[in-house]
Amino acid sequence: MYGRRDGAPGSDPDTVPDPDDVDAATLLERAGFDADESVLTHRQAEVLALRERGLRQSDIADRLGTSRANVSSVEASARDNVASARETVAFAEALAAPVRVEIEAGTDLYDAPKRVYDACDEAGVKVNQTAPDLMKTIGDRAGDAVRGREVRDRLFVTVDANGQIRVRQP
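Numbering (UniProt numbering), first residue to last: 1 to 170.
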């Protein structure tokens, strides 16, 4: 991804492409975008594609004949839709996973691996992580729900038939 301006992380004006050199239609075609099958509108996909290539919101607004504020709003809605879609996929995968473990708020993170291993043993699923690695995975993927050793918010840990671990907050 190119650096961005507009105060975005990693902004580096030297790496921002010339807006005239970036074709949104080509980007969407290469990515296989289909508005009929996507949670994104064509405009949302177009704005995200251009932003991911490093274009400034003001350049996109000029290109689309709208305001920078409108582009900002479209981008925010698109990113919200992407986050919702990811959560939906995680939920669907959790439903299909043979192993589902609820980790209640107040649980010591050190207790989580045993609970996951026990559930995996019962389901005949192999986890290829040591207990410290599993604690780190849970802690890292739980974000703010885990602080230190304390699970502060309820978590669901799922393990698919291949041993892939997912952690989500309800």
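Think of the CB as a built atom: it goes at the ideal place given N, C-alpha and C, for glycine as much as any other residue.
Judged by DSSP in its simplified three-state form, T88 adopts helix.
Boundaries of the beta strand (DSSP E) around T158: L155 to V159. Residue pairing for V167: DSSP places it in a beta bridge opposite V157.
Going by C-alpha positions, M135 is about 16 Å away from K126. Within the DSSP bridge table, the entry for D140 names no partner. Scanning the segment 14-67 for uninterrupted alpha helix (DSSP H) segments of 4 residues or longer gives 24-31, 42-52 and 57-64, listed from N- to C-terminal end.
Distances from the CA of L155 to each of C120, N128, Q129 and A94 were compared; the closest alpha carbon is that of A94.
DSSP places E75 within a helical segment (H, G or I) once states are collapsed to three. Between V167 and V99, the C-beta spacing is not below 8 Å.
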